[in-house]
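Residue numbers (numbering that gives the first Met the number 0), protein chains in the order written: chain A, 0 to 137; chain B, 0 to 137. Glycine included, C-beta positions come from ideal geometry on N, C-alpha and C.
Number of protein chains: 2
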Amino acid sequence: MSIAHSRRKSKGSAAERELIARFWEVGWTAHRIAGSGSSQHPSPDLIAGSKGRVLAIEVKATNDEKKYFPRLEIDELNEYASKTGVEAWVAMKFFRTPWLFLKTSDLEQTPSSYVLTKELCEKKGCGFEQLIILPSLQ
Amino acid sequence: MSIAHSRRKSKGSAAERELIARFWEVGWTAHRIAGSGSSQHPSPDLIAGSKGRVLAIEVKATNDEKKYFPRLEIDELNEYASKTGVEAWVAMKFFRTPWLFLKTSDLEQTPSSYVLTKELCEKKGCGFEQLIILPSLQ
């Protein structure tokens, strides 16, 4: 693994741990899915839930103003959520900005990938406090 | 880790992988939860789901006719399932016997632990094919 890749991975894990802690603080459950990203089956990064509402979450963190996602990653998140019957969300941590959450259906597409800009997140996404009180999307 | 502990752990992992594969074969999703057993939060071994029905599962395999569970393990599975609003199940693999599934409420208790006998599983449990067509318990 390159140093740059290793740093990105560790940054991603720290963001996941932080988000998991936030969910538990407010009485939700949240866990990482084992082997996410390397499983032979579509896997979200996290599963979080409360009172029958279950969210499949892909977690991203960046120091830039935008983040590209391989198309497959989001297609697989949607496939997982649709089969299981749970909600599909992207959790986005921009540098020095609170967590923002976007439904996968609100992501913008380029010919080869999805892209998430800070502007789009602020326009169409919601914050943590809003996410946890939304009615179920399923 | 002792050799005996290592063998038990590897047997448990093989059983988990086999069960995960069974779920995917029938169109369900199933994944291991990362850090199950060592997490600071209550964690099931597996999460499996289909069309809005989500199961939190503790997986056990044994060559004996009965298996004891620490009380905390089942209490935490129940806590996780109740907070999240999903079903709590124990998946049991006795040697040369098909998988049997028991609701945690059907486990028998000793003063310090829960115990699962083959006889109890066959009387109160159900097989895989039955498990996946049950109506939601939530």
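Between residue i and chain B, is there a C-beta pair that is closer than 8 Å?
i	result
R21(A)	no
I46(A)	yes
R103(A)	Before going on, a small fix: residue 103(A) reads as Thr here, not Arg. No, its Cβ sits nowhere closer than 8 Å to a Cβ of chain B.
S49(A)	yes
G11(A)	no
Y113(A)	no
Any Cβ of chain A within less than 8 Å of the Cβ of residue i?
i	result
R16(B)	no
V58(B)	no
T83(B)	yes
G126(B)	no
I131(B)	no
R31(B)	yes
S143(B)	Past the edges of chain B, shown from 0 to 137, lies residue 143(B), and the structure says nothing about it.
V53(B)	yes
Y67(B)	no
T96(B)	no
T109(B)	no
T61(B)	no
T28(B)	yes
Are the CB atoms of residue i and residue j nearer to each other than 8 Å?
i	j	result
V58(A)	D44(A)	yes
T103(A)	A87(A)	yes
T28(A)	A14(A)	no
H30(A)	S135(B)	no
D105(A)	K123(A)	yes
V114(B)	E107(B)	yes
G84(B)	K50(A)	yes
S112(A)	P69(A)	yes
K65(A)	T116(A)	yes
I32(A)	A80(B)	no
Apart from the five residues on each side of it in sequence, which residues of its chain come closer than 6 Å, Cβ to Cβ, to residue i?
i	result
F94(B)	N62
L130(A)	F100
A20(A)	none
L54(A)	A47, E86, W88
May I ask which residues mark the beginning and end of the alpha helix (DSSP H) holding residue i?
i	result
L130(A)	127–130
L133(A)	Counting along the chain, L133(A) falls outside any alpha helix (DSSP H), and DSSP gives it neither H nor E.
E121(A)	117–123
E75(B)	70–83
Tell me which residues share the same chain as residue i and place their Cβ nearer than 8 Å to its Cβ, disregarding the 5 neighbours each side in the sequence.
i	result
P97(B)	G126, F127
N77(B)	A87, T103
W23(A)	A29
Who are residue i's beta bridge partners in DSSP?
i	result
H30(A)	I46(A)
V25(B)	In DSSP, V25(B) forms no bridge with anything.
S112(A)	P69(A)
F93(B)	T61(B)
A174(A)	In the structure displayed, chain A extends from 0 to 137; residue 174(A) sits before or after that span and is not available.
Excluding sequence positions up to five away, which residues of its chain have a Cβ less than 7 Å from the Cβ of residue i?
i	result
V25(A)	I131
L119(B)	E107
A60(A)	K10, G11, A14, K92
R52(A)	S135
I56(A)	P43, D44, L45, A47, W88, A90
How far does the beta strand (DSSP E) with residue i in it reach, from first residue to last?
i	result
T139(A)	What the structure shows of chain A is the stretch from 0 to 137, and residue 139(A) is not part of that stretch, so it cannot be assessed.
L101(A)	99–102
E64(A)	Per DSSP, E64(A) belongs to no beta strand (DSSP E) and is neither H nor E.
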